[in-house]
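Below you'll find the structure, written out as structure tokens, and then a few comments.
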Amino acid sequence: MHGGDEVVAALAGPPQPLDWKFSQVFGERTAGEEVQEVDIISAIEFDKTGDHLATGDRGGRVVLFERTDTKDHGVSRRDLERMDYLISRHPEFRYKTEFQSHEPEFDYLKSLEIEEKINKIRWCQTANSALFLLSTNDKTIKFWKVQEKKVKKISDMNLDPSKAVGNGSIASSSNSSSPKPCLANGSSLDGSYNNLSHDFSFPPGGLPSLHLPVVTSQETNLVARCRRVYGHAHDYHINSISNNSDGETFISADDLRINLWNLEISNQSFNIVDVKPANMEDLTEVITSAEFHPTHCNMLAYSSSKGSIRLIDLRQSALCDSHAKLFEEPEAPGSRSFFTEIIASISDIKFAKDGRYILSRDYMTLKLWDINMDSGPVATFQVHEYLRPKLCDLYENDSIFDKFECCLSGDGLRVATGSYSNLFRVFGCAPGSTEATTLEASKNPMRRQVQTPSRPSRPLSSITRVVRRGTETPGVDANGNSFDFMTKLLHLAWHPTENSIACAAANSLYMYYA
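Numbering (this note's numbering), first residue to last: 176 to 689.
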């Protein structure tokens, strides 16, 4: 961006808050309908183009959706532009296919049941109109190819199958092991061939021609094939997988190790991060999430349960125990409590599209980090600050250990994450923005919207900390209702090029646009 452009952008001010509208819902349940555990969505991922969306569930299934609104029904985009046609459609998706990715297993050596739940899905590069993706449960990663296969249908022949007994007797006699004496013209001395005249009668005038079997139609079916299985490399539960920008490798992370894989090689991986101490009693933190840089194939970041993010460079050494940069926020003096370390644990990190910023989600906040500035986050967004007095209750019912995901818009101007009561929050992170929207995963997303008091805008310089809060009423949600800890919105994804969000509420997939 040129200096003049920055001045113009500054004069224009921050972008206006988005007006979110309901688009679609898949798997909507009726009032009072009981949700089956296996149907609860556990992973959501758009591909790089935004034309495909994948979800994984606790039953080990992967469901694919494809975008339908990009088809112009025979009219090219150039023609539409010539007609000064305003393309104002929002992304619309339809069900494409589904397949069983993982099955429940049992590790007999450790007497451990491995559930089929899909932890993460990542799209790989497409090739020859086939879709490729990685999916993982707690222990095993699989590489899937989804492609249209043509199923051929064969036409009928002249012969009526019900009258083909004579033909069968011919076959049986000709396949017999004992040779039959034959005459010079090929007739058999044995009388078995005479059955043909009794069982099959030619129509008057004979058959004008013999119909050989031909292909009359070709149906196309989507077929999912597991190309490779990457297993037996993790002693602990896999929490992350991430593709490299080189298109050839990917990483998988569990609590203590990060492994580097080649997509083509399933029986070998390289351990690049190992935080396991010699004595497990000395263990103080675990890896919670890991992601490759979107453009630099040698850089990746991983987060820990202590609230820190480490940026590592694969060119430094084979085992990257030392980090290139460490991002953590110093603890405010006098603020320490029993829950401090628990709520500081980062549940998810995401790189911005340009790789300049990292978004992290801990239990109470979203933080935006500049990778060129490791002194602290450039912005902090309070997701549900009104839950702070209820941390004791949240600890007792284990909700305090819920792992919420986060996402950034393609233009990097906004961030989003989920909360309880099927709510999710959208914050503006552009300089001077005060956008802090609360939406509900339902057909009326703005139902829970409460106007937040406008705050004086502050410049987002390299040393300014921005703390954004939404509505903060202790003990209740944004609508004044008591909070429902059982309905939580953990998984959501932002469309890579448009302002469209897909989020999971139990077994339902909701989509919104602005």
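From the three backbone atoms N, C-alpha and C, an ideal C-beta is built for every residue, glycine too.
Small disclaimer: the values here were computed from a predicted structure and weren't measured.
Within 8 Å, strictly: CB atoms of residue i and residue j
i      : j      : result
Ala680 : Ala668 : no
Ile462 : Ile518 : no
Phe602 : Phe556 : yes
Ala399 : Val321 : yes
Leu435 : Ile416 : no
Gly235 : Gln275 : yes
Lys525 : Glu466 : yes
Ser480 : Ser520 : yes
Ser522 : Arg536 : yes
Cys581 : Leu614 : no
Arg475 : Ile426 : Note that residue 475 corresponds to Leu in the displayed sequence, not to Arg. Against a cut-off of 8 Å, the Cβ pair of Ile426 and Leu475 comes out as a contact.
Asn473 : Asp488 : yes
Gly482 : Tyr532 : no
Arg600 : Val558 : yes
Ser310 : Val237 : yes
Simplified DSSP state of residue i, which is helix, strand or coil
i      : result
Asp568 : helix
Met548 : coil
Leu562 : helix
Val321 : strand
Asn674 : coil
Met455 : helix
Val213 : helix
Ser497 : coil
Phe576 : helix
Ile518 : helix
Asp621 : Residue identity differs from the one stated: residue 621 is Met in this sequence, not Asp. It is helical.
Lys328 : strand
Trp669 : strand
Gly188 : coil
Tyr368 : Residue placement at Tyr368 is flagged as unreliable, the pLDDT there being 45, under the threshold of 50; a coordinate-derived value is accordingly withheld.
Ser510 : coil
Lys542 : strand
Tyr283 : coil
Nearest candidate by alpha-carbon position, reference residue i, set the options
i      : options                        : result
Arg242 : Tyr477, Glu267, Leu583, Met548 : Glu267
Ile296 : Arg233, Leu287, Lys324         : Arg233
Leu486 : His498, Glu673, Cys582, Val450 : His498
Arg432 : Phe599, Thr424, His409         : His409
Asp282 : Gly406, Leu501, Glu516         : Gly406
Val404 : Glu571, Glu278, Asn619         : Glu278
Met548 : Lys528, Glu503, Phe513         : Glu503
Leu306 : Thr515, Thr245, Lys285, Phe240 : Phe240
Tyr570 : Thr515, Arg589, Leu543, Lys542 : Thr515
Thr391 : Ser444, Lys328, Ser510, Ala218 : Lys328
Trp544 : Leu583, Arg600, Asn572         : Leu583
Phe197 : Lys618, Asn437, Thr662, His468 : Lys618
Thr395 : Val389, Pro388, Ile484, Lys324 : Lys324
Phe201 : Pro552, Gly207, Arg269         : Arg269
Beta bridge counterpart(s) of residue i as assigned by DSSP
i      : result
Lys663 : Tyr595
Val448 : Ile433
Glu220 : Ala229
Phe201 : Leu684
Val601 : Ala591, Thr612
Leu193 : Note: Leu193 sits in no beta bridge, so no partner.
Ser492 : According to DSSP, Ser492 bridges with nothing at all.
Met474 : Asp488
Residues of its chain near residue i, where Cβ-Cβ distance is below 6 Å and the 5 sequence neighbours each way are ignored
i      : result
Pro189 : Ala605, Gly607, Ser608
Thr470 : Ser420, Gly530
Ala616 : Asn597, Leu664, Cys678, Ala680, Tyr685
Glu280 : Ile289
Val450 : Leu431
Arg402 : Phe318, Lys320
Close Cβ partners of residue i (< 7 Å) along its chain, the five nearest in sequence each way excluded
i      : result
Asp313 : Ile289, Glu290, Asn294, His412, Ile413
Leu308 : Ala229, Ile296, Arg297, Trp298, Cys299, Trp319
Thr672 : Gly225, Gly585
Asp214 : Asp232, Gly234, Asn682
Arg490 : Asn473
Interface flag, residue i vs chain C, CB-CB below 8 Å
i      : result
Lys451 : Protein chains in the displayed structure number just one, and chain C is not present.
Cutoff 8 Å; reference residue i; Cβ partners in own chain excluding five residues on either side
i      : result
Ile484 : Ala476, Tyr477, Ser478, Leu501, Phe502, Glu503, Ile521, Ile524, Ile533, Ser535, Trp544
His468 : Ser420, Met474, Leu475, Ala476, Phe526, Gly530
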